[in-house]
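Report on the following structure.
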Amino acid sequence: MLQSKTRWQLLEAEESQVRKLAGELKIHPLTARLLIHRGISNPEQARRFLQVSLSELYSPFLMDGIQEAVNRIRTALDRQEKILVYGDYDADGVSSTSLLMKVFRGLDADVNYYIPNRFTEGYGLNENALRQAKEAGVQLVITVDTGISAVKEAKIAKELDLDLIITDHHEPPAVLPEGLAVINPKKPGCSYPDEMLAGVGVAFKLAHALLDRVPEELLDLVALGTIADLVPLMDENRIVAALGLKEINRRHNLGLSALMDVAGIQGEVTAGHVGFSLGPRINAGGRLDTAATAVELLLTEDLEEARVLAEELDGMNRKRQKLVEEIAAEACAEVESAPKKHRRFIVVAAPGWNVGVIGIVASRLVEKYYRPTIVLGIDEETGMAKGSARSIAGLDLYRALTTCGDLLPQYGGHEMAAGMSLPQEKIEEFHRRLDQIAGEWLREEDYIPLSRVEADLSIEEISLELIEELKRLEPCGMGNPTPRFQLRGAGLSRLQVMGREKNHLKMVLQVEGDSLEAVGFRMGEMAAEIAPSARPELLGELSVNEWNHRRSPQFLIRDLRVPHLQVFDWRSNGDLSDRFRQLAEREASLFMIRQSRAEKEWITELRAQTLTWEEVSQGKIQLPTEARQLVLADLPPDVSVLEKLLCSFTSLERVYFAFGDIELEGSLTRTPDWEQFKVLYVSLMRRKHFRLPSELNALSRMTGLSGRWIGFMLKVFGELGFVRVSGDQLELIPQPPKRPLTQSRLYREQLEREKVQDALVYSSYRDLCQWVASVLSTDRK
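So this is what it looks like as structure tokens:
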């Protein structure tokens, strides 16, 4: 048995709906099922989802405030007023800023941009920046990806006679800022059909309205910000992401193309590349220094400048990675030093933690501990702490922070991610309240990650044609996750580790004539926990393996489990101490049985309870029936003792047969049968007397029996009173009493030893597994 790391939740769909949708669209029933899981059951909706088109974009003028914004911008353009695009320092904000800069430059506007410094100014609009803009002659400020909470700053802009247009996508507060136009699809009263646009998506709608056309040439920037910001890739986000990826792959943007080169991206760029490779590099500037480097990269028309800026961001990203590793290690140490304190909600803080990367650290902690997490960096000069929060399913972060609003001078975000600041002395109270909220809102099972399972597949259902059809659901991301499936019922034909570091798992699953290759990246350590006889259940994704111009289906493993008792064959006369140590490091509830208590030094190092076969046989010591891992380090005295032992465990997951046959040296591999005993007895009757051992060879030639067998049989005869040995003389006793062979203790012990040898020593691995299965199935009857 092997437990999965997550809870698998199989999604349900009405079968009649699946059949209807598959029939009307002429698609595979699995594709139809996946669409229904995404809330798309209407055939027309499904067609729009599968056939991405710009014609499906909504009119930008449906968004409240857009018309007023367009009117004011056109006036500014006519008057050649100075315009300032005020952005944010993450990938969404950088993309939004770059997009409007390109639009305004194309309209010959007098335009510049401003992105605050994360470390000296913090997030959002700030008074000093507005005053500097006024002094520079700016008359119109347009925010992108920020501003929805800037009530105070909007008043200051009004006092400074600065017209302010706010475009944002974050959750609006109860009181909205007073700008000339406030554009946010989440704003109360806004009737726009899609609330889930990224900041760059809102900026794109403004550009669409201003230009009176869809600016297709800017879709690469829209895709970059949309995918990197983890908004749901449904509805309009799906359209701009899908078509934007095509634009990215045309490499028209010199800066993005250079960034792809330094990131080592070859071939077609996917949503995964944006999320895990391009996005982090765009973010790196704002996390460590200034986001201006990333904006200039996206705006440049100079090939050499693009290369230099891309390499600069790549270098910053490497520094960022190192910084994340250092802070994450310190944060983990703090969590593990006080596990009870962080049992329900993790809040860690320290002076000097770079606030530019603490969001990534928070994500790392959620990944490791699966707890809602807040990481705070403390400014010792001001006494203020700035933090980033990441949540788990079931706890709405923005709602939780709102309940603690009296402690937080600033906060914002959404259900799964947020940011905040608070005085250092309030951190303990903040943590106490969040811990109480988690206790009220979350159940114990919520602290085990939940994996969404789209369907239960068999190997024979998987084909290249099916995988190609499922690609029509891409790009996948938030709201439209990469489909994950469950595979069951297959056996293992091969299991191995691969890669230079031997850290990847590869297995070949087989059912009758069908086989499928499955790969688990960075799961190499799992190989030691899967027995060759296992029938693993896998959770993962379908993909295509291309090798030597051959394409074949492949399964990417994300989680796995073995639902039955596993048998591990470690039978050997060699030194197994290293394997035992590794086993003890990996496994809890380890139970070992040896021949004697004279333990070797390495056994004392193991976290294992050890008993002897004698103690088990006598039944004087209560067995730990809840133990999950059983190691048989020496042979049992007889099969029945082992049978009873196996049947006594209630939670047994694995059995390790870890003995050799060295203790059987000198033992008979087979027990002579009654006929062979008869042959020997008749030969003895012919001569009555023999001298031993000098005449043993002669006796062997007479009977055709081996010397070892004859020696054993004579001892049995002696026990039964058939012969008598005096010195070197063997004498046949005349007219002995008739007694069955089983009355001999030696004979009975040999029969039992033969059973042990057949079942446990000389059996194949397959036979061993079948024997264990038969013992346990008999017990259940």
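In the UniProt record's numbering, the protein residues as written are 1 to 781. Backbone N, C-alpha and C define an ideal beta-carbon position, used for all residues, glycine too. Here the structure is a predicted model, which is why all the values come from computation and not from measurement.
>> Quick check: the stretch 41-56 against the stretch 238-252, are at least 3 beta-carbon pairs closer than 8 Å?
In response: Of all C-beta pairs linking the stretch 238-252 to the stretch 41-56, three or more are shorter than 8 Å, placing the two stretches in contact.
> Who pairs with I374 in a beta bridge, going by DSSP?
Replying inline: DSSP, once it has assigned bridges, lists V347 and A389 as partnering I374.
> Apart from the five residues on each side of it in sequence, which residues of its chain come closer than 6 Å, Cβ to Cβ, to W353?
Replying inline: Sequence-distant Cβ neighbours of W353 in its own chain, meaning closer than 6 Å and more than five residues away, are I327 and G377.
> What is the rounded straight-line gap between the Cα of residue 860 and the Cα of G412?
Replying inline: Any question about residue 860 goes unanswered here, given that the chain covers just 1 to 781.
> Since R561 and L2 are thought to touch, with beta carbons under 8 Å apart, how far apart are those beta carbons, to the nearest angstrom?
Replying inline: Between the beta-carbon of R561 and that of L2 there is about 6 Å, and that keeps the pair under the 8 Å contact cut.
>> Only counting the same chain, and skipping five residues up and downstream in sequence, which positions put a Cβ closer than 8 Å to that of H414?
In response: Cβ-Cβ distances below 8 Å link H414 to H170, E171, L397 and Y398 in the same chain, with the five nearest sequence neighbours on each side left out; the list follows chain order.
>> Taking a contact to mean a Cβ-Cβ separation below 8 Å, would you say A91 touches N253 in this structure?
In response: no
> Is R701 buried or exposed, if buried means 16 or more other CB atoms sit within 10 Å of its CB?
Replying inline: exposed
> Does the beta-carbon distance from A385 to A349 come in below 8 Å?
Replying inline: yes
> What's the call for K340, buried or exposed, on a 16-neighbour Cβ count within 10 Å?
Replying inline: exposed
>> By alpha-carbon positions, which one of K644, I183, K5 and E465 ends up nearest to L197?
In response: Sorting K644, I183, K5 and E465 by C-alpha distance to the C-alpha of L197 places I183 at the top.
> When the Cβ atoms of the stretch 151-164 are set against those of the stretch 178-195, are three or more pairs found closer than 8 Å?
Replying inline: Proximity of the stretch 151-164 to the stretch 178-195 meets the contact definition, three or more beta-carbon pairs being nearer than 8 Å.
> Do three or more CB pairs link the stretch 679-699 to the stretch 645-659 at distances below 8 Å?
Replying inline: no
> Taking Cβ to Cβ, would you say L741 is nearer than 8 Å to W674?
Replying inline: In contact: L741 and W674 (Cβ atoms closer than 8 Å).
> Tell me which same chain residues have a C-beta within less than 8 Å of the C-beta of Q67, skipping the five on either side of it?
Replying inline: F61 and A209
> Which residues mark the beginning and the end of the alpha helix (DSSP H) in which R74 is found?
Replying inline: I66 to R79
>> By the DSSP assignment, the alpha helix (DSSP H) with P22 in it spans what residues?
In response: Inspection of the sequence shows that residue 22 is occupied by Ala rather than by Pro. Taken as a continuous stretch (DSSP letters only), the alpha helix (DSSP H) holding A22 covers E15 to L25.
> Per DSSP, which one or two residues make a beta bridge with Q566?
Replying inline: R654
> Is the stretch 286-298 in contact with the stretch 90-110, if contact means three or more CB pairs nearer than 8 Å?
Replying inline: yes
> Where DSSP assigns a beta bridge to A181, which residues make up the other side?
Replying inline: I165
> Which ranges does the alpha helix (DSSP H) cover as unbroken runs of at least 4 residues, wholly within the stretch 284-372, from first to last along the chain?
Replying inline: 292-299, 303-337 and 358-369
> When you compare only the Cα positions, how much space is there between Q629 and E615?
Replying inline: So the two alpha carbons sit approximately 19 Å from each other.
>> On the CB-based measure, 16 or more other CB atoms within 10 Å of its CB, does H431 come out buried or exposed?
In response: buried
> Is the shortest distance between the beta-carbon of M416 and the beta-carbons of chain C less than 8 Å?
Replying inline: The structure shown has no chain C; it contains just one protein chain.
> What are the residues that DSSP puts in a beta bridge with M196?
Replying inline: Answer is none; M196 lacks a bridge partner.
> CA-CA distance, E454 and G540?
Replying inline: Distance between the alpha carbons of E454 and G540: 10 Å.
> Closest to P481 by CA distance: which of V231, G137, D767 and G225 is it?
Replying inline: V231
>> Cutting at 6 Å between CB atoms, please list the residues of its own chain near D229, excluding the five before and the five after it.
In response: D92 and A198
>> Please classify Q9 as buried or exposed, where buried requires at least 16 other C-beta atoms within 10 Å of its C-beta.
In response: Result: exposed.
>> Comparing C-alpha positions only, which one of E428, E380, W441 and S421 sits nearest to S391?
In response: W441
> DSSP state of I427, grouped into three classes?
Replying inline: helix
>> Can you list, in chain order, the residues of its chain with a C-beta nearer than 8 Å to that of W709? Leave out the 5 residues immediately preceding and following it.
In response: L668, P672 and Q676
> Considering only residues of the UniProt domain "DDH" (82-226), which uninterrupted alpha helix (DSSP H) runs meet the minimum length of 4 residues and lie entirely inside it, listed in chain order?
Replying inline: 91-106, 127-135, 151-159 and 199-211
> Is G718 helix, strand or coil when you go by DSSP?
Replying inline: helix
> Does the Cβ of I557 have 16 or more other Cβ atoms within 10 Å, making it buried, or fewer, making it exposed?
Replying inline: buried
> Among residues of its own chain, excluding the 5 on either side of D446, which ones have a beta-carbon nearer than 6 Å to its beta-carbon?
Replying inline: G394
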